[in-house]
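Shown next, in structure tokens, is the structure this report addresses.
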Amino acid sequence: MKNRDYKNFTENEYFHIYNRGVGKMTIFLDDQDKSVFMSRLYENIYPEKAKLEINIGGKKKKIERKLLPSNSFELISFCLMPNHFHLLIKQLTNLPISKLMLKICTSYSMYFNKKYGRVGSLFQDAFKAVQIDTNKQLLWVSLYIHENPSKAGVVENLEKYKWNSFLEYAGLSKGICKKDIILGQYKNRSEYLNHFKNLKEKEQIKNNLIGIQDLLIDEDDQI
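Residue 346 is where the sequence shown starts when you use the numbering used here, and the numbers rise one by one after that.
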């Protein structure tokens with residue numbers, strides 16, 4: 346496992362990506378903010394399917410942007426929290442994830458600053474990245490990402506929080522994630538959900554990552 350500032354991105358590898366607002370400030374103030382961030386992510390991971398239309402201040406505006414090449418990345422899991430986000434991404438080619446994150450974070454920062462009349466950096470750092478070395482790490486980091494909203498007290502019922510790929514894994518939304526690498530390790534979706542529920546109730550998800558804490562966001566990064 347590489348350290349949390351690992352930036353030597355290579356193809357066919359998985360990475361846990363996360364970042365937070367500068368000074369731990371809130372970076373998603375409403376659902377529109379979260380929707381815009383996800384649209385930036387979606388259009389650069391799946392440019393051939395992207396709908397380049399967003400809503401700013403109640404007005405729809407079509408925006409032409411230069412997108413990254415198709416089939417460069419796969420999104421495995423995600424979670425947007427008020428002051429930070431988590432992404433689990435597979436890099437498919439030699440185009441580094443740093444290019445993807447630069448486009449997403451720069452574009453979102455411009456949107457956010459314009460909407461709220463602010464200037465300066467929105468994110469504390471470029472982003473943090475940790476390479477996933479084993480299948481066990483891949484599975485547990487995905488579970489950790491899904492647990493984040495309830496663990497932090499943002500929501501009690503994860504089925505009520507749409508800014509988390511848990512809904513896709515639960516079969517409650519179609520979504521944009523490539524789920525087979527995770528769900529394929531279970532007999533069926535029900536087995537996955539029962540496993541997640543049992544681990545969550547026993548507070549065992551993070552415990553299973555003890556010894557590889559660099560895969561996790563710092564405790565003081567929580568809201």
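Heads up, the beta-carbon is just placed ideally off N, CA and C, and yes, glycines get one too.
Predicted, not measured: the structure shown is a model, and the values here were computed from it.
Proximity winner among 489, 505, 468, 358, relative to residue 517 (alpha-carbon distances): 505
Taking DSSP's pairing of strands, which residues face residue 436 in a bridge? 358, 418
Would DSSP call residue 385 helix, strand or coil? helix
Here's the rule: buried if 16 or more other CB atoms are within 10 angstroms of the residue's CB, otherwise exposed. What is residue 401? With a pLDDT of 43 at residue 401, under the threshold of 50, the modelled position of that residue is not reliable, and the figure given next carries that caveat. It is exposed - the Cβ of residue 401 has fewer than 16 other Cβ atoms within 10 Å.
If you pair each beta-carbon of the segment 358-371 with each one of the segment 461-479, do three or more pairs fall below 8 Å? yes
Going by the beta-carbon positions, is the gap between residue 384 and residue 491 smaller than 8 Å? no
Give the straight-line distance between the Cα atoms of residue 386 and residue 449, rounded to the nearest whole angstrom. 6 Å
Which runs of the alpha helix (DSSP H), 4 residues or longer, sit entirely within the segment 476-515? 480-496, 511-514
DSSP three-state assignment for residue 571, whether helix, strand or coil: With the chain covering 346 to 568 only, the question about residue 571 has no answer from this structure.
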